[in-house]
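Encoded as structure tokens, the structure appears first; notes follow it.
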Amino acid sequence: MVVNNFLPSPAKSIRHKYMAKKKELTDEQLRFILGDDWQWFNDEILTNCFCTCEPRELRTIVDYKIALNKFNDVELTGKCNHCGGPIGRYVETGESEEYLKRIKKLDFK
Ligand SMILES: [Zn+2]
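Its first residue numbered 35, the sequence shown is counted upward by one per residue in my numbering.
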């Protein structure tokens with residue numbers, strides 16, 4: 035059933051490399067990075083996600099996982115609270131000096 039995957043696909047290995055650079059974050063680690071902005075994150079980020087379901091409204095992301103990518107930006111992947119479909123949210127934490135300072139303090143194991 036996996037016959038077509040016999041030859042390595044370049045796209046796949048690039049994606050793999052990219053994925054490998056992501057670090058999973060816990061809620062506590064994200065809270066540490068955001069500091070005083072934690073409340074803003076809960077009020078403005080989690081509740082303002084795009085989904086393709088109808089009616090077209092901003093949705094809340096639920097059951098999400100948090101990852102830090104190689105640009106030090108936070109990526110959330112979770113589900114839409116309305117239809118349960120997969121949605122994501124991107125937070126440009128790598129753009130902020132404050133966040134970067136705290137990200138560097140995190141001890142990834
Ligand atoms: Zn939805």
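Quick reminder that beta carbons are idealized off the backbone N, C-alpha and C, glycines included.
Using C-beta distances below 6 Å, list every residue in its chain close to residue i, excluding the 5 sequence neighbours before and after it, in chain order.
i: residue 121; result: 83, 85, 95 and 114
i: residue 92; result: 82
i: residue 77; result: none
Tell me whether residue i, by its Cβ, gets closer than 6 Å to a heavy atom of ligand 1.
i: residue 83; result: no
i: residue 119; result: yes
Does the Cβ of residue i have 16 or more other Cβ atoms within 10 Å, making it buried, or fewer, making it exposed?
i: residue 90; result: exposed
i: residue 75; result: buried
i: residue 60; result: exposed
i: residue 139; result: exposed
i: residue 63; result: buried
Under three-state DSSP, which class holds residue i?
i: residue 110; result: strand
i: residue 90; result: coil
i: residue 126; result: coil
i: residue 59; result: strand
i: residue 38; result: With a pLDDT of 49 at residue 38, under the threshold of 50, the predicted position of this residue should be treated as unreliable, though the coordinate-derived value follows. It is helical.
i: residue 138; result: helix
i: residue 80; result: coil
Can you give me the Cβ contacts of residue i inside the same chain, cut-off strictly under 8 Å, excluding the 5 residues immediately before and after it?
i: residue 132; result: 69
i: residue 119; result: 85, 86, 87 and 113
Cutting at 7 Å between CB atoms, please list the residues of its own chain near residue i, excluding the five before and the five after it.
i: residue 117; result: 85 and 87
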